[in-house]
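Below is one structure, written out as structure tokens, with a few remarks after it.
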Amino acid sequence: MATQVVVLPASLAGKFEGSFAYDTLKDRLPLILTRVIDTLHRHKNEFFEEHGEKGIEAEKKAIAYLSKLRNELQTDKPLIALHDNLPDTILWNQHLEYHRNLSNEPPSWFQSPWLYTECYMYRRIHEALVQNPPISEFDVFKEEKSHGFFESQQAIIVLSTYLQELLKNIEDLDEKHLQEEFLKLFQVSLWGNKCDLSISGGKDNSQRSNPFQALEGLKSFILVDHLEKVWSLLINKKKTTAQTTRIDIVLDNAGFELAADLVMADFLLASKLATEIHFHGKSMPWYVSDTTKQDFNWTIRQMKSANHKWMSRCGVSWEGNLKKGVWVYQDHLFWTLPHEFSSMAKVSSDLYTELHKSNLIIFKGDLNYRKLVGDRKWDFTVPFHQALNNFHPAPLCSLRTLKCDIQVGLKPGQGEELTHSEPEWMIIGKYGIIQFDAAS
Ligand code: F6P
Ligand code: MG
163 MATQVVVLPA SLAGKFEGSF AYDTLKDRLP LILTRVIDTL HRHKNEFFEE
213 HGEKGIEAEK KAIAYLSKLR NELQTDKPLI ALHDNLPDTI LWNQHLEYHR
263 NLSNEPPSWF QSPWLYTECY MYRRIHEALV QNPPISEFDV FKEEKSHGFF
313 ESQQAIIVLS TYLQELLKNI EDLDEKHLQE EFLKLFQVSL WGNKCDLSIS
363 GGKDNSQRSN PFQALEGLKS FILVDHLEKV WSLLINKKKT TAQTTRIDIV
413 LDNAGFELAA DLVMADFLLA SKLATEIHFH GKSMPWYVSD TTKQDFNWTI
463 RQMKSANHKW MSRCGVSWEG NLKKGVWVYQ DHLFWTLPHE FSSMAKVSSD
513 LYTELHKSNL IIFKGDLNYR KLVGDRKWDF TVPFHQALNN FHPAPLCSLR
563 TLKCDIQVGL KPGQGEELTH SEPEWMIIGK YGIIQFDAAS
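Just so we're on the same page, my numbering is the position in the sequence shown counted from 1, plus 162.
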């Protein structure tokens with residue numbers, strides 16, 4: 163893995179008193195830590211059954227570590243180095259040094275950039291487990307993720323049924339109809355991003371209604387809609403070349419959102435708008451609901467074994483896609499670093515080179531958007547291309563519902579009008595964007 167240590171560009175630093183970021187750190191993060199501690203408590207017997215006294219001992223130590231972490235957070239203590247000797251430990255510690263040198267004060271929970279401290283909390287949760295074998299592999303968010311999947315089951319059935327009906331005649335669809343289906347499934351994937359569990363502090367946030375019925379009514383909430391551009395890119399590629407078309411999907415949340423992404427991916431393959439799809443997930447439990455390899459495989463297994471014909475058909479064919487190699491799952495430690503994507507070419511050049519092979523990269527979700535635009539307080543009208551700050555590995559598209567106070571590429575006055583009519587428009591997940599950059 164060609165990961166090297168580099169000096170990182172300056173990012174948004176400062177104190178957040180009174181801002182959304184500050185509220186998140188002060189209120190939501192301790193809540194998440196408390197739920198993690200509670201989860202470990204509740205699995206005590208399971209640890210004992212599996213590992214005996216060693217399991218109990220590990221659970222106690224992990225809880226002690228996490229309680230200390232919660233206290234550090236709540237009392238705004240300085241951030242400390244990691245000790246777990248994983249492949250990314252040096253990068254994290256180097257980032258800490260970088261922030262130490264950046265400001266006159268030592269980096270701390272409420273003084274350092276929000277993106278950094280929030281990522282740091284999830285990495286410390288990982289350290290709490292990693293340092294305590296035999297429970298190192300335990301995913302503290304697995305329960306919430308599974309719950310989200312099961313609570314969304316009806317909506318997933320609707321999606322699977324729709325897909326399987328569509329696939330029956332997909333070869334006969336003319337271009338106009340194919341485009342209509344494309345637009346629909348991309349929008350379902352976009353709104354699936356409402357189902358993130360970190361914004362709700364881990365509380366249920368599943369999709370319960372029919373995901374297609376709402377689409378028309380939701381259109382006016384898409385503030386930037388470049389879907390036609392994405393369609394043109396793919397349909398022109400399909401018409402002009404017989405070679406491969408690779409699409410990469412940088413995944414976000416497991417549960418309904420992942421199911422919607424997989425349905426979209428299946429459609430892209432079946433319609434020959436893509437010939438191979440690469441999925442990118444997280445290599446550790448992240449932001450409560452983000453997809454890991456275990457979640458990805460678990461979801462496909464659940465689909466396959468579901469007691470519903472079309473859901474199960476989806477699971478079987480998705481497993482087949484993976485076996486055939488037309489679907490590929492990949493993870494990389496870069497996705498769980500606090501770095502913005504403009505530093506990927508330097509920090510993880512192998513990943514940048516990999517993404518460069520893609521014909522279209524789809525970035526799902528809010529956190530990916532924050533990292534795409536460097537988590538800076540841009541003016542609303544700054545072009546997306548500019549905010550990407552030279553991150554142009556391939557044409558890319560962000561599908562995201564707005565949950566943080568950053569947005570670029572709006573029309574003059576659009577952001578101000580929204581702020582006036584609905585002050586919380588940026589953080590409530592009600593609005594969405596489908597924002598494209600052609601890369602050249
Ligand atoms: O809490 C920080 C944050 O990035 C929010 O902006 C958002 O609510 C959440 O985490 C992650 O959202 P997503 O799952 O869409 O990346
Ligand atoms: Mg997420």
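The beta carbon of each residue, even a glycine, is placed where N, CA and C say it ideally should be.
Small disclaimer: the values here were computed from a predicted structure and weren't measured.
Residue i to residue j, Cα distance in whole Å?
i, j, result
"Thr461", "Ser274", "36 Å"
"Asp250", "His205", "28 Å"
"Arg463", "Ser314", "16 Å"
"Gly527", "Asp410", "14 Å"
"Leu380", "Lys216", "52 Å"
"Glu579", "Gly591", "18 Å"
"Gln456", "Leu329", "28 Å"
"Asp414", "Leu420", "7 Å"
"Phe303", "Val450", "6 Å"
"Thr402", "Leu340", "17 Å"
"Cys281", "Leu335", "44 Å"
"Phe209", "Asn459", "23 Å"
"Thr581", "Leu228", "38 Å"
"Thr165", "Cys566", "Caution is warranted here: a pLDDT of 40 is assigned to Thr165, below 50, making its placement in the model unreliable, and the coordinate value is therefore given only provisionally. If I take the Cα positions, the gap works out to 29 Å."
"Met163", "Asp512", "Any reading at Met163 must be qualified, since the residue scores a pLDDT of 40, below 50, and its modelled position is unreliable; the value itself is stated next. So the two alpha carbons sit approximately 7 Å from each other."
"Ser382", "Tyr531", "21 Å"
"Val350", "Arg190", "27 Å"
"Glu586", "Thr453", "28 Å"
"Asn552", "Ser504", "6 Å"
"Met283", "Leu187", "10 Å"
"Asn207", "Ala376", "43 Å"
"Glu212", "Glu219", "13 Å"
"Val169", "Ile242", "Note on Val169: pLDDT 30, under 50, position unreliable in the model; the coordinate value appears next. Straight-line Cα distance between these residues: approximately 19 Å."
"Ser436", "Phe598", "As written in the sequence, residue 436 is Ala, which differs from the Ser given in the question. Those two C-alpha atoms are separated by around 17 Å."
"Leu258", "Leu231", "16 Å"
"Phe311", "His440", "22 Å"
"Asn125", "Arg285", "The question about residue 125 has no answer here: the residues shown for the chain are numbered 163 through 602."
"Asn469", "Gly477", "11 Å"
"Ala507", "Asn263", "23 Å"
"Leu193", "Ile199", "10 Å"
"Leu431", "Asn483", "9 Å"
"Thr563", "Asn247", "35 Å"
"Met577", "Tyr260", "This sequence places Gly at residue 577; Met is not what is there. Going from the Cα of Gly577 to the Cα of Tyr260 covers about 33 Å."
"Leu174", "Asn331", "With a pLDDT of 39 at Leu174, under the threshold of 50, the predicted position of this residue should be treated as unreliable, though the coordinate-derived value follows. Straight-line Cα distance between these residues: approximately 50 Å."
"Leu385", "Ser583", "15 Å"
"Gly417", "Pro373", "14 Å"
"Gly594", "Val509", "30 Å"
"Cys357", "Glu306", "12 Å"
"Pro574", "Phe546", "14 Å"
CB of residue i to nearest heavy atom of the ligand F6P: below 7 Å?
i, result
"Tyr284", "no"
"Tyr449", "yes"
"Gly527", "yes"
"Thr186", "yes"
"Arg466", "Here residue 466 turns out to be Lys, not Arg, going by the sequence shown. Not so, every heavy atom of the ligand F6P lies at least 7 Å from the Cβ."
"Lys565", "yes"
"Gln459", "Residue identity check: residue 459 is Asn in the sequence provided, not Gln. Not so, every heavy atom of the ligand F6P lies at least 7 Å from the Cβ."
"Asn355", "yes"
"Asp189", "no"
"Glu327", "no"
Taking 7 Å as the line, does the beta carbon of residue i fall inside it for any heavy atom of the ligand MG?
i, result
"Gly417", "no"
"Tyr531", "no"
"Asp452", "yes"
"Asp238", "no"
"Asp537", "no"
"Ser336", "It should be noted that the sequence gives Asp, not Ser, for residue 336. The answer is no for Asp336."
"Asp493", "no"
"Asp301", "no"
"Asp358", "yes"
"Asp387", "no"
"Asp423", "no"
Could you name the residues that DSSP lists as bridge partners for residue i?
i, result
"Ile595", "Val386 and Arg562"
"Asn415", "Asp452"
"Gly443", "Asp493"
"Leu522", "Ile409"
"Glu438", "Arg408"
"Pro240", "Ser270"
Counting only beta-carbon atoms, is residue i nearer than 8 Å to chain C?
i, result
"Leu499", "Structure shown: chain C not included; a single protein chain is present."
Measuring CB atoms only, is the region 423-442 touching the region 479-494, in the sense that at least three cross pairs come out at less than 8 Å? yes
State whether the region 568-580 contacts the region 533-549, with contact taken as three or more CB pairs (one from each stretch) at a distance under 8 Å. yes
Check whether the region 342-359 and the region 379-399 touch, using three or more Cβ-Cβ pairs below 8 Å as the test. yes
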